[in-house]
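Trainee: Every letter in the sequence shown is one number past the one before it in numbering that gives the first Met the number 0, and letter 73, counting from 1, is 72.
Just so you know, even glycine gets a beta-carbon here, dropped at the ideal spot from N, CA and C.
Note that the coordinates shown come from a computational prediction; the quantities given were computed from them, not determined experimentally.
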Amino acid sequence: MILYFLEPEVSGGHGEYTIYGTEDEIATEGISGKVKYLHYEFEGWLGDDLLESTPAFIVSSKLETELENSDFIDYKLEECLITTSDEFIEMYPNKEIPAFSRFIPLGKIEVEEENFKNWSGHHFCLSPNGELVITQEALDFLNRVSIDNCCITPLTQE
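#1: Please report the straight-line C-alpha distance between T155 and I1, rounded to a whole angstrom.
#2: Could you have a look at F71 and say whether DSSP puts it in helix, strand or coil?
#3: Compare the Cα-Cα distances from P7 to each of K33, V132, E157 and report the closest residue.
#4: Between which two residues does the alpha helix (DSSP H) holding A98 run?
#5: By alpha-carbon positions, which one of A55, F4, I30, E65 ends up nearest to G11?
#6: Got a sec? Which residues, its chain only, sit under 6 Å from V9 by beta carbon, not counting five neighbours each side?
#7: Give the DSSP-derived three-state secondary structure of E8 in the structure shown.
#8: Check this for me: beta carbons of G14 and E42, under 8 Å apart or not?
#9: Answer yes if the region 105 to 122 comes into contact with the region 59 to 69, meaning at least three C-beta pairs across the two stretches below 8 Å, and no otherwise.
#10: Helix, strand or coil, according to DSSP, for I133 in the structure here?
#11: Based on the DSSP secondary-structure assignment, which residues constitute the bridge partners of C124?
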């Protein structure tokens, strides 16, 4: 079986209104518990529909609609605050950013170099280090939207 480790475009980072979880929340919820509420501040954007700011991911409204109309159920979407930095406004004064939501994979997996183990069987998985791992079916689905700036590495089972 081959799964895929995705490194989505990083277009910004955690803004000042991001709320971080406690050590207890991280222990019970995994790495996604490290961020309780995400404020994503854009510093640039190449146009992808799936973006990252470790350990959090966001999806455009286009991808959110595609996900909601799909049969995938192993993820959660949450509201998040989206803003643009002063540098972004200077560099792209007329660039419109669509709405984005936080994307939380519900599956679990462990990744070591180009191998994986302890896969929960979900299409969308998150490793303890905040790495996004998906199935071939999920990759085929994401290839219908823009993930042009996403690095994709095949993983094999240990």
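Mentor: With the structure as the only source:
#1: Taking the first residue of the sequence shown as position 1, residue 155 is located at position 156. Taking the first residue of the sequence shown as position 1, residue 1 is located at position 2. Taking the straight line joining both Cα atoms gives about 5 Å.
#2: Against the sequence shown, residue 71 aligns to sequence position 72. Correct three-state label for F71: coil.
#3: Taking the sequence shown and counting its residues from 1, the one referred to as residue 7 is at position 8. Comparing Cα positions, the closest option is V132.
#4: Within the sequence shown, numbered from 1, the residue matching residue 98 stands at position 99. If you look at A98, you'll find it isn't in any alpha helix (DSSP H); DSSP assigns it neither H nor E.
#5: If you number the sequence shown from 1, residue 11 lands on position 12. Of the candidates A55, F4, I30, E65, the one whose C-alpha sits nearest the C-alpha of G11 is A55.
#6: Numbered from 1 along the sequence shown, position 10 holds the residue referred to as residue 9. The beta carbon of V9 sits closer than 6 Å to those of E51, all from its chain and outside the five residues before and after it, given in chain order.
#7: As a position in the sequence shown, residue 8 is number 9, starting the count at 1. E8 carries a strand assignment under DSSP once its states are collapsed to helix, strand and coil.
#8: Locating residue 14 in the sequence shown gives position 15, counting from the first residue. Locating residue 42 in the sequence shown gives position 43, counting from the first residue. In this structure, E42 does not lie closer than 8 Å to G14 by Cβ.
#9: Cβ pair count under 8 Å is below three, so no.
#10: Translated into the one-based positions of the sequence shown, residue 133 becomes position 134. I133 falls in the strand class under three-state DSSP.
#11: Position 125 of the sequence shown, counting from 1, holds the residue named residue 124. Beta-bridge pairing by DSSP links C124 to G106, V132.
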